[in-house]
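Enquirer: Each residue of the sequence shown is one higher than the one before, starting from 16 at the first, in my numbering.
By construction, the Cβ of each residue, glycine as well, lies at the ideal position given by its N, Cα and C atoms.
Bear in mind that the values here come from a model prediction, so they are computed numbers and not experimental data.
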Amino acid sequence: SDEETWKYLLELFASFDTILLGKVTYEMFAAYWPKPNPSDPNPKELIDFMNNSQKVVFSKSLKKVEYINSVVMEDIIPEEINKIKKDVEIDIVIFGSGSVVSRLTKLRLIDEYKFLINPIFLGNGTPIFKSEEAKAKLKYLDSKTFGNGNIMLQYKL
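1) At what residues does the alpha helix (DSSP H) containing Glu-26 begin and finish?
2) Would you mind reading off the limits of the alpha helix (DSSP H) that contains Phe-64?
3) Is it the case that the segment 120-135 contacts the segment 79-89, given that we only count it when at least three CB pairs across the two stretches are under 8 Å?
4) Alpha carbon to alpha carbon, how far is Phe-110 from Asn-52? Give it in angstroms, no decimals.
5) With distances taken Cα to Cα, identify the nearest neighbour of Ile-34 among Ser-54, Glu-104, Lys-22.
6) If we ignore side chains and look at the alpha-carbon of each, how far apart do Leu-153 and Lys-129 end up?
7) Would you check if the segment 37-55 and the segment 20-28 touch, i.e. whether three or more CB-CB distances between them fall below 8 Å?
8) Hey, how far is the Cα of Gly-9 from the Cα of Asp-17?
9) Which same chain residues end up closer than 7 Å to Phe-44 when comparing Cβ atoms and leaving out the 5 residues on each side of it in sequence?
10) Going by DSSP, what residue range makes up the beta strand (DSSP E) through Ile-166?
11) In three-state terms, what does DSSP make of Lys-159?
12) Quick one: what does DSSP say Val-87 is sitting in, helix, strand or coil?
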């Protein structure tokens, strides 16, 4: 990413204090963020955000998690999600984790969507809106185009 995108993302990340993750995304985060490569181009503020934020990992197979500030929940239970939403001081974010987004969408537990479209193909992944039950009419709020081709799209449920 370029400086313009990082500046925007760091401002955006300041509005989150809790990250929801699926098992696969959690494992990628836990393997990378605690000790990033010294030549990593990511700003220190992003590394600090990833490590200092509270993380809730949804997994039926993980019984414990080692990554700092992480807890594991076996299933997405609406009452538990609403409790997390009520207890956090600022917003919650989901990175990747298509199965988590799909389930939360189906349960109508996501208030707002911000999609950062990065013009690259990464290969296979889990569609975030794969279920007929996950259909939702979104209201356009905003968009931002960056010089490097990234686009941020913002919608409200």
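Expert: Let's see:
1) 18-28
2) 59-67
3) no
4) 20 Å
5) Glu-104
6) 11 Å
7) no
8) This structure leaves residue 9 out entirely; the chain is present only between 16 and 172.
9) Leu-36, Met-65, Tyr-82
10) 166-171
11) strand
12) strand
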